[in-house]
Amino acid sequence: SSDDGPVLANRYALITGGSSGIGLASAIHLASDGARVTIMGRNIERLAAAQTVMSELGFGVNVTAGDVADETAVQTAVNAASGPDGRLDIVVMSAGTGTLGPLVDTGLEAWRSILDSNLTGAFLTLKHGAAAMLAHNGVDGGAFVAVSSIASTLTHRMMGPYCVSKAGLDMLVRTAADELGGAQIRVNGVAPSLVPTELTAPIASDPETLGEYHQNIPLGRIGTVDDVARVIRFLAGPESGWVTGQILPVDGGHTLRRGPYAADMAKAFFGATVDPRIL
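Take any residue in the sequence shown, note its place counting from 1, add 2, and you have its number in this note's numbering.
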């Protein structure tokens with residue numbers, strides 16, 4: 003907080019994928035600095051649970067149910083998150099999904115659904131969030147923060163669609179930052195290594211995979227949602243006012259080494275159907 007009250011007071015924020023994991027942690031960090039937060043998610047029960055978590059911490063939060071790959075739902079979420087005068091100051095794009103399997107064994111539907119959630123959903127959120135900022139924020143601009151991954155730059159075998167979607171997301175961030183800078187709208191991203199969440203539970207609970215991460219992270223531990231949410235809060239606020247178009251690795255140094263590969267898990271999962279030369 004500053005002398006004038008909380009640093010994000012009267013700032014309106016939308017967080018997609020906000021009902022759990024990094025999204026929910028970000029909602030808490032933004033709200034604790036005074037932001038008026040709306041979280042979007044697909045599941046009404048999980049949104050209600052997130053609302054309970056936040057109210058127990060003393061924070062009010064709005065919720066809006068919908069899929070980021072549905073343009074109408076995104077427009078509704080942007081409207082729900084905006085202030086009475088239509089302004090929207092902060093957008094955190096945390097909705098995402100993934101799957102495990104070799105590219106040669108990936109179905110078209112699985113491919114499309116990951117690209118839809120991770121890349122098209124971010125595009126739609128950016129498109130409508132930026133339109134609201136351009137219409138209502140004047141010289142104040144705004145800030146977007148996308149949740150990317152170290153998988154955007156380090157290969158992760160058996161996670162091809164996810165890697166491709168996150169690489170696309172990084173370029174979306176950079177292009178949007180270049181286009182929107184004149185309106186003082188900043189666009190950045192964070193690229194975490196492994197952080198235990200509902201999405202990553204199958205990976206984080208496998209001892210072989212966990213060992214692969216520990217081996218490739220100089221700081222010797224996997225992350226927490228708060229490790230990532232603190233950096234998202236920095237990129238969303240005035241402290242990063244001269245930072246745009248950047249993807250900040252939040253990875254314990256993981257990108258200094260190589261992507262993880264759990265050979266035994268891959269063989270156990272896919273050995274019966276996939277050519278052994280690619281496992």
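Ideal placement from N, C-alpha and C gives every residue a C-beta, glycine not left out.
Taking C-beta atoms as the reference points, Y164 and G60 fail to come closer than 8 angstroms.
The beta carbon of L221 is closer than 8 angstroms to those of G254 and G255 in its chain, skipping five residues each way along the sequence. With a minimum length of 3 residues, the unbroken runs of beta strand (DSSP E) contained wholly in the segment 66-122 fall at 92-95. Considered as a whole, the segment 196-254 harbours 249-252 as its complete beta strand (DSSP E) runs of no fewer than 3 residues, in chain order. Membership of F61 in any beta strand (DSSP E) is not indicated, and neither H nor E is assigned to it by DSSP.
Under the DSSP assignment, Y164 falls in the alpha helix (DSSP H) whose first and last residues are G162 to L182. Residues A179, G183, R188, V189 and N190 of the same chain have their beta carbon placed closer than 7 angstroms to that of T246, with the five preceding and five following residues left out of the count. For the 8 angstroms CB-CB criterion, G123 and A71 form a contact. When the five nearest sequence neighbours on each side are left out, the beta carbons in the same chain lying within less than 8 angstroms of the beta carbon of M161 are those of G100, T101, L102 and A153, in order along the chain. If you draw a straight line from the Cα of R44 to the Cα of A270, it is about 31 angstroms long.
Cβ neighbours of S167 within its own chain (closer than 7 angstroms, five residues either side excluded): I116, L117, N120 and L121. About 6 angstroms separates the beta carbons of S96 and S28, which is inside the 8 angstroms limit, making them a contact pair.
Shown here for E210: same chain residues with a beta carbon closer than 7 angstroms to its own, the five before and five after excluded, namely A264, D266 and M267 in chain order. Counting the other CB atoms within 10 Å of its CB gives S150 a total of 16 or more, which places it among the buried residues.
Listed in chain order, the non-local C-beta contacts of R176 below 7 angstroms within the same chain comprise G247, local neighbours out to five positions each way being set aside.
The Cβ atoms of V147 and A238 lie closer than 8 angstroms to each other. At the C-beta level, L26 and V55 come within 8 angstroms of one another.
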